[in-house]
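Reading through the structure tokens given below for one structure.
Protein chains: 2
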Amino acid sequence: MSPRSAARQRILDTADRLFYDEGIRAVGIHRIVEEAGVTRVTLYRHFPSKDDLISTYLENRAQYDRDQVNGLVARHADNPRQALVELATVLTDDDFAAMQRGCPFINSSAEFTGAHVAREHSRTHRAWVTSVLEELLTRIGHPAPRSAAHQLMMVRTGAVVSRALDRNPELSADFLAGWNLIIDGSVSA
Amino acid sequence: MSPRSAARQRILDTADRLFYDEGIRAVGIHRIVEEAGVTRVTLYRHFPSKDDLISTYLENRAQYDRDQVNGLVARHADNPRQALVELATVLTDDDFAAMQRGCPFINSSAEFTGAHVAREHSRTHRAWVTSVLEELLTRIGHPAPRSAAHQLMMVRTGAVVSRALDRNPELSADFLAGWNLIIDGSVSA
DNA sequence: ACGTAGGTATACCGACCGTTCTACCTACCG
DNA sequence: CGGTAGGTAGAACGGTCGGTATACCTACGT
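Going down the list, the sequences are from chains A and B. Every position in the first sequence, counted from 1, becomes a number in my numbering once 2 is added. Every position in the second sequence, counted from 1, becomes a number in my numbering once 2 is added.
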């Protein structure tokens, strides 16, 4: 079963759009099949269950993030501070302009409990981002890289969610200010 | 229809628990009825539709928050700075220890789109909290109270969500540090 | 004594949920 | 030529969804 068939890709694209825009539980298989122009049988051949589809949806989102972050870090291999600064500005980029509904991992975690694949993916992905931040902070000689990495995650999380809920455009500047303060080691407990 | 009947209260308590712990879409009317020990007819007499029940659930949550905030502000009527500081520590209080699944408004917003009651409630409630913060900041002579109020909302949002997703106990201290920095006007764009 | 408010029990509605079935088609490859 | 991978079409499964209908009970206030 080729993982790159046209039908499979159409299913994935449709699921990504609907899951993100309307929520996972709000979107049934019937609708995905219909909008993807595919038979139910075809969908279930590629994804044995809806949970598999959900898992692939989130994994693809995570992979996209990882590619973007890894690319940026590699681009500034000799300047970790610049990498950290630019990691913040990704939030105001065009890519994120389309993400009006906030973070897919946070949103999906709100829809499921404890051991569901969605929550597992969220935990894993957030831990990965945190570890990247920690390493960069270590490289620039931050006094408390682990703590600061968690702080960065915290303000980023707040920024993404607040933007999705409050629609306040001025927030970007406030977020950037907080982000840079943490990098400079001005925020400590 | 008395808004304080025993059955009605049991329905409300059950809905509150299940909606918060497992998500709104994840919990059907059948289950609420069953666990509340009430007939479906009874439920639909008090709440004409599930959306009505959702709305009441969120309204009660909002009312609880407002009572708590108003009480705290009134208790420090002559010391707005103290009120602001203590508004942060509510997050680490016992009340919030039970809120392992994060903020009910943020979570419910993730489950619905655009014009749904859940999203309306979230917007309204967050706007109210923001206005309270802004007024307190104004009273302590903060140079940019509106912007700072949004910043406080942002870090609080990040703290609540991050705690629910990452289960990192050290986050509280980091959050408090950031909160106080904003109050002192050290974070500006 | 009687109506009404608030409740019970049970059965049902159409719609949609995730999932599976059977049957046939077609393009490509060894 | 034949097999296999990937697709089509359409019907159906049992279960749950939000919501309704009918009928009966009981406490209480006037």
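Just so you know, even glycine gets a beta-carbon here, dropped at the ideal spot from N, CA and C. None of these values were measured; they are calculated from a predicted model.
Contacts between GLN102 (chain A) and chain B, judged by CB atoms closer than 9 Å, are missing: the closest CB pair is about 10 Å apart.
Annotation: Cβ neighbours of HIS152 (chain A) in chain B (cutoff 9 Å, chain order): SER164, ASP168, ASN170, GLU172, LEU173 and ASP176. C-alpha of ALA179 (chain A) to C-alpha of GLY73 (chain B): approximately 32 Å in a straight line. Taking the Cβ atoms as the reference, SER124 (chain B) lies roughly 6 Å from LEU167 (chain A), within the contact range of under 8 Å. Put simply, the segment 148 to 160 of chain A does not touch the segment 57 to 75 of chain B. Fewer than three CB pairs are less than 8 Å apart. Nearest Cα to ASN182 (chain A) within the set A:ARG83, A:LEU20 and A:THR16: A:ARG83. Between ALA117 (chain A) and ILE56 (chain A) the beta-carbon gap is near 14 Å, outside 8 Å, which marks them as no contact. Considering only B:LYS52, B:ARG12 and B:VAL71, the residue with the shortest C-alpha distance to ALA28 (chain B) is B:LYS52. If the five residues before and after HIS144 (chain A) are omitted, its C-beta is found closer than 8 Å to the C-beta atoms of ALA150, ILE185 and GLY187, all from its own chain and listed in chain order. PHE98 (chain B) sits away from MET156 (chain A), with the two beta carbons spaced by 8 Å or more.
Residues of chain B whose Cβ lies closer than 8 Å to the Cβ of LEU183 (chain A) are, in chain order, LEU183, SER188 and VAL189.
Taking a contact as a CB-CB distance under 8 Å, the pair ILE31 (chain A) and ARG42 (chain A) counts as one, their CB atoms being some 7 Å apart. Around the beta carbon of GLU136 (chain B), a 10 Å sphere encloses 16 or more other beta carbons of the protein chains shown; the residue is thus reported as buried. Residue ranges of uninterrupted alpha helix (DSSP H) with 4 or more members, entirely inside the segment 96 to 152 of chain B and ordered along the chain, are 96 to 99, 106 to 113 and 119 to 141. In terms of Cβ geometry, SER110 (chain A) and ILE26 (chain A) form a close pair [threshold 8 Å]. Close to PHE98 (chain B), with beta-carbon spacing below 7 Å, lies no residue of chain A; the smallest spacing is near 16 Å. Close CB contacts of ARG158 (chain B) within its chain, under the 8 Å cut and outside five residues either way in sequence, are with ALA90, LEU93, PHE177 and TRP181 (chain order).
For PHE114 (chain A), the chain B residues whose C-beta falls within less than 8 Å of its own C-beta are GLY25 and ALA28, listed in chain order.
In the three-state reduction of the DSSP assignment, GLY180 (chain A) falls in the helix class, which pools H, G and I. When the beta-carbon positions are compared, PRO106 (chain A) and LEU60 (chain A) come within less than 8 Å of each other. In the assembly as shown, GLU113 (chain A) is a buried residue. Its beta-carbon has 16 or more other beta-carbons within 10 Å. Secondary structure at PRO171 (chain B): coil, using DSSP grouped into helix, strand and coil. Residues of chain B whose Cβ lies closer than 8 Å to the Cβ of ASN72 (chain A) do not exist; the shortest such Cβ separation is about 21 Å. When C-alpha distances from VAL75 (chain B) are compared across B:ALA175, B:ASP15, B:VAL134 and B:SER174, the shortest belongs to B:VAL134. Collapsing the DSSP output to three states places VAL40 (chain B) in coil.
In the three-state scheme derived from DSSP, where H, G and I count as helix and E and B as strand, ASP80 (chain B) is classed as coil. Taking the Cβ atoms as the reference, ALA9 (chain A) lies roughly 5 Å from THR44 (chain A), within the contact range of under 8 Å. By the rule that beta-carbons nearer than 8 Å mark a contact, ILE108 (chain A) touches chain B.
The beta carbon of ALA17 (chain A) lies closer than 6 Å to those of ILE34, LEU55 and TYR59 in the same chain, with the five residues before and after it left out. Only residues of its own chain outside the window of five on either side were considered, and among them LEU74, VAL75, HIS78 and LEU138 have a CB closer than 7 Å to the CB of ALA85 (chain A), listed in chain order. Around the beta carbon of ALA100 (chain A), fewer than 16 other beta carbons sit within 10 angstroms, so the residue counts as exposed. Among the residues of chain A, those whose CB is under 8 Å from the CB of SER149 (chain B) are GLU172 and ASP176, following chain order.
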